[in-house]
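**Q** Got a structure for you, written out below as structure tokens; questions coming shortly.
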Amino acid sequence: MLKPTKTHELYDLALYDRKNMPVVAYGSAGTGKTYGAIGRAVSWLETNRKSRVVIARPNVSFADTNGFLPGTEREKLEPWIRPLQQNFIEHGIGIRHQEDLEKNHRLQYYMLEHIQGLTWDDSLIIVDECQNMSFEQIKVLVTRVGEYSKLVLCGDIAQTSPLFKNSGLARFIDMVGRYNLPVHTIHFTVDDVLRSETCKMFIQAFEEEEHDRSI
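Start counting the sequence shown at 145; every next residue gets the next number (my numbering).
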């Protein structure tokens, strides 16, 4: 893993903010947006700062190869939560510990289509892959936030699934700025990539290629 940057320091401060201001972390892949949020989740679970961690992720893969997934709601979630489980493992929370947290309702995973009508109080709410959400889905999600809860939205507009072109994340970020809402907005660039030098090299090349083709 590469060395954290000033942007990561700002992100960590935004995550720790005791006023529970929402956080939107967006930008290049491999910059540790989800990793940082899961790290804060682990810390708050261990110190009981929040009664639970809620994690939601849109059921949109980058390519339509999965088809209909049979099984229970939890089984259908399995392919989408594996990257999140890996983040917990990297922060010292193994699968068995994660299962115990789920059984005790301290760690909860949700499909976006099943959140309407819910209220999440005293929770850290992490939403991953927000670039694959519509503006209406984001509206429904952010209005689930109850008292004493912290919301963290993570996404990379450049990675929007070709099957889901109407990403609401860019519009949401624009709305936050236009109305000067009290939201921490953290923009990660290729300079903030942590995953590896190889990852950084390819992301920079792809971003430059896409920019050149758009001119």
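Cβ coordinates follow ideal geometry from the N, Cα and C atoms, glycine included.
Could you say which of Q275, S267, F346 and Q230 lies nearest to R288 if we only look at CA atoms?
**A** For R288, the nearest C-alpha among the options comes from S267.
**Q** Which residues in the same chain have their Cβ closer than 7 Å to the Cβ of M165, if we skip the five residues on either side of it in sequence?
**A** Within the same chain, M165 has close Cβ partners P326, V327 and H328.
**Q** Take the Cβ of M145 as the centre, count every other Cβ of all protein chains shown within 10 Å, and call the residue buried at 16 or more, exposed below.
**A** Classification for M145: exposed.
**Q** In the DSSP output, which residue or residues are listed as bridge partners for T329?
**A** In the DSSP output, where bridge partners are listed per residue, T329 has V168.
**Q** Alpha carbon to alpha carbon, how far is M255 from R226? Give it in angstroms, no decimals.
**A** Going by the C-alpha atoms only, they are around 14 Å apart.
**Q** Decide if P214 is buried, meaning its Cβ has at least 16 other Cβ atoms within 10 Å, or exposed.
**A** Under this definition P214 is an exposed residue.
**Q** According to the neighbour-count rule (16 or more other Cβ atoms, all chains shown, within 10 Å of its Cβ), is D300 buried or exposed?
**A** So D300 counts as buried.
**Q** So E153 and R201 are supposed to be a Cβ contact under 8 Å. How far apart are they, rounded?
**A** That pair is no contact at about 26 Å.
**Q** Count the other CB atoms within 10 Å of the CB of D208; is the residue buried (16 or more) or exposed (fewer)?
**A** Caution is warranted here: a pLDDT of 46 is assigned to D208, below 50, making its placement in the model unreliable, and the coordinate value is therefore given only provisionally. The residue is exposed, with fewer than 16 neighbouring Cβ atoms inside 10 Å.
**Q** Measuring alpha carbon to alpha carbon, tell me which residue in K283, G290 and Q281 is nearest I269.
**A** Residue G290 is the option with its Cα nearest to I269.
**Q** By Cβ distance below 7 Å, which residues in the same chain neighbour A158 in space, the five residues on each side in sequence not counted?
**A** Result list for A158: V167, H328 and I330, in chain order.
**Q** Decide if T178 is buried, meaning its Cβ has at least 16 other Cβ atoms within 10 Å, or exposed.
**A** T178 is buried by the Cβ-count criterion.
**Q** In angstroms with no decimal places, state the Cα-to-Cα distance between M345 and Q229.
**A** For M345 and Q229, the distance between alpha carbons rounds to 26 Å.
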